[in-house]
Amino acid sequence: KYSPENGQVNIAVYTKGNRLISRIQDNGYGIPKEDQGKVFGKFFRGSNATKIEPSGTGLGLYLAKAIVESSSGSIRFESEPERGTTFWVELPYIVSMKPKNDTV
């Protein structure tokens with residue numbers, strides 16, 4: 011949505027200790043420095059976002075953060091205007107060794 015035509019989005023998922031980490035990286039327009047402290051705010055849309063994509067509610071990152079944090083996780087990002095943005099989502103990762111019981 012906020013990448014130029016033929017832009018790239020790279021996704022990587024890996025574990026680190028007891029955490030599942032997703033990294034989402036694009037080569038889009040980036041988030042202006044003055045907007046970076048506000049991107050997770052309810053109804054916030056970046057100053058360049060409204061020019062690039064006029065429609066939008068400003069709820070996407072607000073809801074993403076609420077869902078991730080309600081799952082005992084965290085979300086963070088790094089962005090450089092005109093170079094792109096990388097988001098990291100970390101969630102607890104627990105492997106259950108208990109056999110599944112399918113009997114009724």
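My numbering applies: residue 11 is where the sequence shown begins, and numbers increase by one. Don't be surprised by glycine CBs; every beta carbon is placed ideally from N, CA and C.
Quiz item: Taking Cβ to Cβ, would you say residue 19 is nearer than 7 Å to residue 32?
Solution: As a position in the sequence shown, residue 19 is number 9, starting the count at 1. As a position in the sequence shown, residue 32 is number 22, starting the count at 1. Not a contact, by the Cβ cut-off of 7 Å.
Quiz item: Short check: CB of residue 13 to CB of residue 38, under 7 Å?
Solution: Taking the first residue of the sequence shown as position 1, residue 13 is located at position 3. Taking the first residue of the sequence shown as position 1, residue 38 is located at position 28. Yes, Cβ-Cβ distance for residue 13 and residue 38 is below 7 Å.
Quiz item: Helix, strand or coil: which one does DSSP assign to residue 67?
Solution: Here residue 67 refers to the residue found at position 57 of the sequence shown. In the structure shown, residue 67 sits in coil (DSSP, three-state: anything other than H, G, I, E or B).
Quiz item: What are the start and end residues of the alpha helix (DSSP H) that includes residue 61?
Solution: Taking the sequence shown and counting its residues from 1, the one referred to as residue 61 is at position 51. 59-62 is the extent of the alpha helix (DSSP H) around residue 61.
Quiz prompt | Identified DSSP bridge partners for residue 19 | solution = Residue numbering aside, residue 19 sits at position 9 when the sequence shown is read from its first letter. 36.
Practice problem: Determine the contact status of residue 45 and residue 56, defining contact as a CB-CB distance below 7 Å. | Solution: As a working mapping, residue 45 is identified with position 35 in the sequence shown. As a working mapping, residue 56 is identified with position 46 in the sequence shown. A contact, by the Cβ cut-off of 7 Å.
Quiz item: Leaving out five residues before and five after residue 93 in sequence, what residues of the same chain have Cβ atoms less than 6 Å from its Cβ?
Solution: Translated into positions along the sequence shown, residue 93 becomes position 83. Correct list, in chain order: 40.
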